[in-house]
Amino acid sequence: MYKKRKYIPIFSAVIILLLSLIAAISIYLSFMNQPLEITNTLATNIASESEVNLKNIIHQSQKSVVQIESSSDVNKKTGSGFVINNQGDIITNAHVVEDADTIIVKLTNAREYPAAIVGIGEDQDFAVIRVPELNQLEPIALETDKQADIGDEIIAIGSPMGIQNSVSLGLVVGTDRSFSINDYQYDEVYQISANITHGNSGGPLISRNSGKVIGINSAGISDTDIGFSIPISQVAEIVSEWTDNVQEDELTILSPTDQKINKKKLKEDTLYIAEYFFDNIELRDYVNAYSLLGSQYQNSTSYTDFRQLFQTLIDLDVQDKTIIDTQNDEVHMEVNVEITIRNETYEEVQKSRQYTLVVGYENDQLKILKLQQAT
Numbered sequence: 011m012y013k014k015r016k017y018i019p020i021f022s023a024v025i026i027l028l029l030s031l032i033a034a035i036s037i038y039l040s041f042m043n044q045p046l047e048i049t050n051t052l053a054t055n056i057a058s059e060s061e062v063n064l065k066n067i068i069h070q071s072q073k074s075v076v077q078i079e080s081s082s083d084v085n086k087k088t089g090s091g092f093v094i095n096n097q098g099d100i101i102t103n104a105h106v107v108e109d110a111d112t113i114i115v116k117l118t119n120a121r122e123y124p125a126a127i128v129g130i131g132e133d134q135d136f137a138v139i140r141v142p143e144l145n146q147l148e149p150i151a152l153e154t155d156k157q158a159d160i161g162d163e164i165i166a167i168g169s170p171m172g173i174q175n176s177v178s179l180g181l182v183v184g185t186d187r188s189f190s191i192n193d194y195q196y197d198e199v200y201q202i203s204a205n206i207t208h209g210n211s212g213g214p215l216i217s218r219n220s221g222k223v224i225g226i227n228s229a230g231i232s233d234t235d236i237g238f239s240i241p242i243s244q245v246a247e248i249v250s251e252w253t254d255n256v257q258e259d260e261l262t263i264l265s266p267t268d269q270k271i272n273k274k275k276l277k278e279d280t281l282y283i284a285e286y287f288f289d290n291i292e293l294r295d296y297v298n299a300y301s302l303l304g305s306q307y308q309n310s311t312s313y314t315d316f317r318q319l320f321q322t323l324i325d326l327d328v329q330d331k332t333i334i335d336t337q338n339d340e341v342h343m344e345v346n347v348e349i350t351i352r353n354e355t356y357e358e359v360q361k362s363r364q365y366t367l368v369v370g371y372e373n374d375q376l377k378i379l380k381l382q383q384a385t
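Residue 228 in the numbering used here sits at position 218 of the sequence shown; the count goes up by one each step and never skips.
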């Protein structure tokens, strides 16, 4: 009897242990079958930061990218280029400016200046032109000591079909392509998955990683996403030699003799400058936006007061732009935007706003002469 009682507690303990083990396994299996929801804030932040960085790279680069219009008795050409120093020197393609009688450079803010040729390649398709008035413009950084690799992400900026400062994203898909077009030889150039068309030629190929120029967009295959870009490292030494040794008084500024305003071009430029103005507001580049305004507006509204108008802005989206009238070489237009602002209680509120703009020339430069928000 004594021995029987001795084994009962041991038996009970084993039963309890087995039941506990079964319960634990059951709970574990139940937990494993539940969908696991984890918000990866780190990944979200990195993705968001990457998007912001891309926007900033494009916006800052576009300030140094120009549209180039060259003409002769035979033809007219449109291309692109980018400012590389504080002398107003611009790299572009040789085929954009060769044999030109006039060269006009247009900035993102729609200002236009005549240019002079500093140097032009004989069998390589690159050239340097100079606009002395651009000596205060922020130059774009060049990556001359590093070659691109296959798979590198790139940004191509140019003016295809006259559409200024268009952006294409792609990859480097080849690094040793060689061919010739007309009188120009292209040796070991980059092949990219972004089409280069008329107007894009001469624009910068920018590294998505560094934000620096790695090539000169030069040629493409029609109706495909295949483009070719000359590595900036191939031409950097020659470019420096040209720009360092040229004498200002030796340059011939190739300016047009006919300065009459083209009404169609004025309307196109008006739509562009309005879009560019609100792009700057969206990216909070108030200094650049303010520089687009005419002197009369700036005299009546300080920069501080102008910036204050948009202090609560979170997001802005242009819905439409409509030209109302053209009078005395001034274009009257309306712009409708959707905005998101933060109110007094820090809540996000969406609103619609309409702005009236008057765009015209001031000292031969296109400006937003009047800007008014509809009540």
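All C-beta atoms in this analysis are idealised placements derived from N, C-alpha and C, irrespective of residue type, glycine included.
May I have the straight-line CA-CA distance separating tyrosine 300 from leucine 367, to the nearest angstrom?
-> 14 Å
So which of Lys274, Leu215, Ile378, Arg121 has the shortest CA-CA distance to serine 243?
-> Leu215
Would you call tyrosine 386 buried or exposed, if buried means 16 or more other Cβ atoms sit within 10 Å of its Cβ?
-> Lying before the first or after the last residue shown, residue 386 is absent from the chain, which here runs from 11 to 385.
Could you check what DSSP says for asparagine 375 in three-state terms: helix, strand or coil?
-> Correcting the residue type first, residue 375 is glutamine in the shown sequence and not asparagine. Three-state DSSP puts glutamine 375 in a strand.
When DSSP builds the beta bridges, which residues end up paired with histidine 342?
-> Asp335, Val368
Consult DSSP for asparagine 66 and reduce its assignment to one of helix, strand or coil.
-> helix
Exposed or buried, arginine 294, counting other C-beta atoms within 10 Å across all chains shown (16 or more means buried)?
-> exposed
Valine 183, enclosing beta strand (DSSP E) - first and last residue = 176-191
Pull up the CB-CB distance for serine 217 and isoleucine 224, whole angstroms please, since I reckon it's below 8 Å.
-> 5 Å
Contact set for lysine 87: own chain, Cβ-Cβ below 7 Å, skip 5 residues either direction = Ser80, Val106
If you compare alpha carbons, which of Phe238, Thr336, Thr311, Phe320 is closest to glutamate 278?
-> Thr336
Identify, in the order they occur along the chain, each residue of the same chain with its Cβ nearer than 6 Å to the Cβ of tryptophan 252, setting aside the five sequence neighbours on each side.
-> Val128, Gly129, Val138
Member of Gln306, Asp83, Asp135, Lys273 whose CA lies at the smallest distance from the CA of glycine 213 = Asp135
Residues bridged to serine 239 by DSSP?
-> Tyr200, Asn227
Which residues share a DSSP beta bridge with leucine 215?
-> Ala166, Gly225
Which word fits glutamate 153, buried or exposed, when buried means at least 16 other C-beta atoms lie within 10 angstroms of its C-beta?
-> buried
Residues that threonine 350 bridges to, as DSSP identifies them = Asp325, Gln360
Cβ shell of valine 359 (< 8 Å), same chain only, five flanking positions each side left out = Thr350, Ile351, Arg352, Asn353
Taking only runs that begin and end inside the region 255-312, name each unbroken alpha helix (DSSP H) of 4 or more residues, in chain order.
-> 273-292, 296-301, 305-310
Thinking just about the alpha-carbon of each residue, which of Thr118, Ala151, Ile78, Gln329 is nearest to the one in arginine 140?
-> Ile78
Whole angstroms is fine: what's the gap from aspartate 339's alpha carbon to tyrosine 371's?
-> 8 Å
Could you work out which residue in Ile291, Ser362, Asp327, Tyr307 is closest to phenylalanine 320 when comparing CA atoms only?
-> Ile291
Which partner residues does glutamine 195 have in the DSSP bridge list?
-> Ser190
Beta-bridge pairing of arginine 140 - partner residues as DSSP gives them | Asp99, Ala126
With DSSP run on the structure shown, which of helix, strand or coil describes isoleucine 92?
-> Residue identity check: residue 92 is phenylalanine in the sequence provided, not isoleucine. Note: phenylalanine 92 maps to strand in three-state DSSP.
Return the CA-CA distance between threonine 398 and phenylalanine 238, expressed in angstroms with no decimal places.
-> Residue 398 falls outside the range modelled here, since the chain spans only 11 to 385, and no answer is possible.
When Asp254, Ile191, Asp233, Val328 are compared against glutamate 348, the one with the closest alpha-carbon = Val328
By Cβ distance below 6 Å, which residues in the same chain neighbour lysine 380 in space, the five residues on each side in sequence not counted?
-> Val368
Between the CA atoms of aspartate 325 and threonine 332 - distance to the nearest angstrom | 21 Å
Alpha carbon to alpha carbon, what distance is there between serine 310 and glutamate 75?
-> It is valine, not glutamate, that sits at residue 75 in the sequence shown. Answer to the nearest angstrom: the Cα atoms are 31 Å apart.
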